[in-house]
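Undergrad:
Protein chains: 2
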Amino acid sequence: MIDKVLDFLSDKKYHEAKQIIKNMNAVDVAEVFEELRENSERDISLKLFRLMPKELAAESFAYMDSDTQQGIIEAISDNELKYILDDMYLDDFVDMVEEMPANVVMRVLKNASQRNRALINQYLQYPDDSAGSLMTNEYVYFKSRLTVSQAFNVIRKTGVDKETIYTCYVIDSERHLKGVVTVKDLLLADPDTTVGNIMSTNVIYAHTLDDKEEVAKVFSRYDMLSLPVVDKEDRLVGIITIDDAVDVMQEENTEDFEKMAGMVPSEDTYLKTSVFKLARNRIIWLVILMLSAMITGSMMEQYEAAISALPLLVSFIPMLMGTGGNCGSQASTIIIRGMALDEIELSDFFKVWFKEIRVALLCSVVLSLVNFFRIWIQYQDLGVAVTVSLTLIATVCIAKSLGCILPMLAKKLHLDPAIMASPMITTLTDAASILVFFNIAINLLGSRL
Amino acid sequence: MIDKVLDFLSDKKYHEAKQIIKNMNAVDVAEVFEELRENSERDISLKLFRLMPKELAAESFAYMDSDTQQGIIEAISDNELKYILDDMYLDDFVDMVEEMPANVVMRVLKNASQRNRALINQYLQYPDDSAGSLMTNEYVYFKSRLTVSQAFNVIRKTGVDKETIYTCYVIDSERHLKGVVTVKDLLLADPDTTVGNIMSTNVIYAHTLDDKEEVAKVFSRYDMLSLPVVDKEDRLVGIITIDDAVDVMQEENTEDFEKMAGMVPSEDTYLKTSVFKLARNRIIWLVILMLSAMITGSMMEQYEAAISALPLLVSFIPMLMGTGGNCGSQASTIIIRGMALDEIELSDFFKVWFKEIRVALLCSVVLSLVNFFRIWIQYQDLGVAVTVSLTLIATVCIAKSLGCILPMLAKKLHLDPAIMASPMITTLTDAASILVFFNIAINLLGSRL
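And the structure:
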């Protein structure tokens, strides 16, 4: 559908494009504008924006990425801008303002209503990773002495502008959060009973400064659609809706993927991040890990005599290092992920370690047997076959142990377990496997080295 | 709060425990039962279950893990079981039945209502990864000729049992999905207008056999709370709610983490998976990657003369292999994740590759300089310093290229890009770096080898 609209537009068939777009979802319409911006079709974009029904134009505007929004803001008149801004939910508004350059922000704020201007200034002050930064002020609230039918009147009167009306919040005269009542409760209740009689007082809520990752976890634990947010004095100041919580979950997952591959998480999507920034995000860990690998390399210098005498030994190093690294990252990945989902607690430490050791023994015996027979058959060298097989068992056990100990240790020290992932574990395992390998070799094959 | 209840229970202070539990969220109550099961407190568990208000007992039952549910089913009477089963949402019911051993399933089905029994049999037939497997039949539907006030009567009459009532579905006499109307629309409409007048006909829906990962993406793209599901004849057969879509998202993320660390995804949480199963999930990739690393090792045999002559060369191998592996996994991780989130498309291939090459050049120049000066200062050996530095630049460029080409190639071939992650890329990069290293060494240092 999106492609069809773009085709009509490039053929200047505006009427046909309008007919399709009228029935499209605002999210898809936003994508049309993003495509037009990528192809630098500013004029077509503006023309299309003005062709569309006003409400759809405003709704799709909220879904566009910030570059596309900026392009449109710069093209439209102050009156058009006012209409869009009045229609925007406050959380989308705040997100947009955060991404814009100063001159655009000035123009946007000049055209915002005074009330919105004040609220945006307040909302912009919450730290980036806090519950406050996710909040919106579009929610329905009333006092507990209202009857159910009065409550419905409040919803009808104010509801059209509210992001979600299905959970309503009950407050006292100082805006302290007293209870919640869902529209379902209200629909199923006697119209003359008071809200106080049917509200649930066992309210799950967040504080403005709570970590947004924890907030997302509350949503998925309790299957909620929206979560009220209170300030230090327990007064209701906003709500967070599930769509924003889902976005946080996905962002946190992406951050974990990035950290676990030895990168500093980036703020933007890949294609929008500059080469210089990408390189900067990656170089830090590359240098740290390279320096550690240099130490491993230096350790090998003391075995130069052995290497000269039996250079065949060196040909097993890639296999030993590779297998050790793979085993370590398997363990660390599964344990970091388990802790992120609260499926593994610190108190499970010994259970986890014992499990990993048994898994390591099972895996390493299989791997060792494959190696033993391969070396025996290919080189007819029993000594080397035994050396490599024993090293493999030791390496796998060390790798699996490090892979479970280090992430849990990091958590214990209140560090992010994700930094103890594959790259770090691999580097440590490399050092261990080389030490073990040459020491076993010197002991078993001493006479030949 | 959970700990307090457990303390009261172990002191046999049932009254106090009951007072706290009465005001607890069903999710937290379920956790109390899970803790009791882990400590094998079957009697206390049963006693507590019978102490609780019936509705809370039934609600918390739905949130328990399947082992805990099974323990309770085995302890309670048929009448108690009937009450719980009648209260359960159909999707939770189906999930539960899927996890139980046959004898428990028999007893559960015997105590289910006839209607539920038939529906469960139907729902169990959808494949595990399909939209159908996530469906529930608890939704509100009516015909388009109803007035708004009649619609509210339908909601009031049937709504108490429905998982979500906020989006209502409009069907024709053959159950074809004709439109949706939200409670918000109904509340804000004239009570005498018909549903057909205010419904939205531009409905986003899924088919029963759609992949559940795609369904989860639809939820997050369109910020939906529930999604209708139709069968092959476009008849409405169920809905999926956002809580289940969020669970799918998190499962898919966990699967990607596991695959990207070279593991076969496991169906259960870590602590519940047996050592044997864990080992089985991990050994396949370990063996494949070990065999590949053996080939790399064998390639080194042809350089045995060089190694004997200048064993110092070997000490750079861990650093070269490690850095290559790290660079490759950085690239592959960011690209696999970008494709999973639809932020990177196959058509972006050249843009991505060109970006990675530039990032590789920036990173490798920094890494090479560090190495060059370190080797020059430590060994005063210009030839070796140049050899290592050049190898590093080549290795990083190869690693970053493989890290972007292979996942995108996998996607092009309709394979899961996640298998082209760190372990695979690292193994390939290892081979490349060793080949490059010895070839540059032989060319530059030929006279000394």
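If you read the sequences in order, they're chains A and B. For the first sequence, this note's numbering gives the first residue as 1, with consecutive numbering after it. For the second sequence, this note's numbering gives the first residue as 1001, with consecutive numbering after it. C-beta atoms are modelled at their ideal positions from N, C-alpha and C, and glycine is treated no differently. All figures in this text were calculated on a predicted structure; none of them were measured in a lab.
1. Which residues, in chain order, does the segment 314-338 of chain A contribute to contact with chain B at a C-beta distance below 9 Å?
2. Run through chain B and tell me which residues come within less than 7 Å of Val215 (chain A), C-beta to C-beta.
3. Would you say Ile165 (chain A) reaches chain B, if we count a Cβ-Cβ gap shorter than 8 Å as a contact?
4. Do you know offhand how far Val154 (chain A)'s Cα is from Asp1192 (chain B)'s?
5. Got a sec: which bits of the segment 1197-1228 of chain B sit with their beta carbon under 9 Å from any beta carbon on chain A, in order along the chain?
6. From Ala30 (chain A) to Thr1167 (chain B), what distance separates their C-alpha atoms?
7. Return the residue from the list B:Leu1367, B:Phe1438, B:Val1148 that minimises the CA-CA distance to Met294 (chain A).
8. For the segment 1004-1022 of chain B, list every residue whose C-beta sits within 9 Å of some C-beta in chain A, in sequence order.
9. Going straight from the alpha carbon of Gln1330 (chain B) to that of Phe1316 (chain B), what length do you get?
10. I need the DSSP call for Pro311 (chain A), collapsed to helix, strand or coil.
11. Determine the chain A residues that contact Pro1311 (chain B) at a beta-carbon separation under 7 Å, and present them in chain order.
12. Does the distance from the C-beta atom of Gly328 (chain A) to that of Thr426 (chain A) stay below 8 Å?
13. Ends of the beta strand (DSSP E) at Ile1240 (chain B)?
14. If we count Cβ pairs, one from each stretch, closer than 8 Å, do we get three or more for the segment 1297-1310 of chain B versus the segment 1426-1437 of chain B?
15. Between Ser298 (chain A) and chain B, is there a C-beta pair that is closer than 8 Å?
16. For the alpha helix (DSSP H) containing Ser1149 (chain B), list its first residue and its last residue.
17. Mapping DSSP to helix, strand and coil, what is Ile344 (chain A)?
18. Just by C-beta distance, which residues in the segment 1361-1392 of chain B are closer than 8 Å to chain A?
19. Along the chain, which unbroken stretches of the alpha helix (DSSP H) at least 4 residues long are found entirely within the segment 1234-1290 of chain B?
20. Within the same chain, show all residues whose beta-carbon is closer than 7 Å to that of Phe438 (chain A), passing over the 5 residues directly before and after it, in chain order.
21. Applying the 10 Å Cβ sphere with the 16-neighbour rule, what's the burial state of Arg1115 (chain B)?
22. Taking the alpha-carbon of Glu34 (chain A) as reference, which of A:Ser60, A:Lys162, A:Met52, A:Lys18 has the nearest alpha-carbon?
23. Helix, strand or coil for Val1203 (chain B), going by three-state DSSP, please let me know.
24. Counting C-beta neighbours from all protein chains within 10 Å, is the total for Gly1446 (chain B) 16 or more, i.e. buried, or is it exposed?
25. Going by Cα to Cα distance, which pick from A:Ser77, A:Ala118, A:Ala75, A:Leu46 is closest to Phe93 (chain A)?
26. Among residues of its own chain, excluding the 5 on either side of Met319 (chain A), which ones have a beta-carbon nearer than 6 Å to its beta-carbon?
27. Just checking: is the beta-carbon of Tyr1126 (chain B) within a distance shorter than 8 Å of some beta-carbon in chain A?
28. Give me the residue from A:Gln69, A:Leu289, A:Ala58 with the minimum Cα distance to Glu38 (chain A).
29. Using beta-carbon positions only, say whether Tyr83 (chain A) and Ala26 (chain A) come within less than 8 Å of one another.
30. Taking buried to mean at least 16 other C-beta atoms within 10 Å of its own C-beta, is Lys355 (chain A) buried or exposed?
31. What does Met290 (chain A) touch in chain B if you count any residue whose Cβ is under 9 Å from its own?
32. In three-state terms, what does DSSP make of Ser1298 (chain B)?
33. Touching or not, the segment 334-344 of chain A and the segment 1265-1280 of chain B, by the rule of three or more beta carbon pairs under 8 Å?
34. Rounded to a whole number of angstroms, what is the C-alpha to C-alpha distance between Asp1243 (chain B) and Met224 (chain A)?
35. Measure the CB-CB distance between Leu289 (chain A) and Pro423 (chain A) and report whether it falls below 8 Å.
36. If I measure Cβ to Cβ from Val1183 (chain B) and keep anything under 6 Å in the same chain, skipping five residues before and after, which residues do I get?
TA: In short:
1. Val314, Ser315, Phe316, Ile317, Pro318, Met319, Leu320, Met321, Gly322, Thr323, Gly325, Asn326, Cys327, Ser329, Gln330, Ala331, Ser332, Thr333, Ile334, Ile335, Ile336, Arg337, Gly338
2. Ordered by position in chain B, no residue passes the 7 Å Cβ test against Val215 (chain A), which lies about 14 Å from the chain.
3. yes
4. 20 Å
5. Thr1201, Asn1202, Ile1204, Phe1219, Ser1220, Arg1221, Tyr1222, Asp1223, Met1224, Leu1225
6. 24 Å
7. B:Leu1367
8. none
9. 21 Å
10. helix
11. Glu304, Ile307, Ser308
12. yes
13. 1236-1241
14. yes
15. yes
16. 1148-1158
17. coil
18. Leu1362, Cys1363, Val1366, Leu1367, Val1370, Asn1371, Arg1374
19. 1242-1260
20. Tyr303, Ala306
21. exposed
22. A:Ser60
23. coil
24. exposed
25. A:Ala118
26. none
27. no
28. A:Gln69
29. no
30. buried
31. Met1319, Gly1322, Thr1323, Asn1326, Leu1367, Val1370, Asn1371, Leu1392
32. helix
33. yes
34. 8 Å
35. yes
36. Tyr1166
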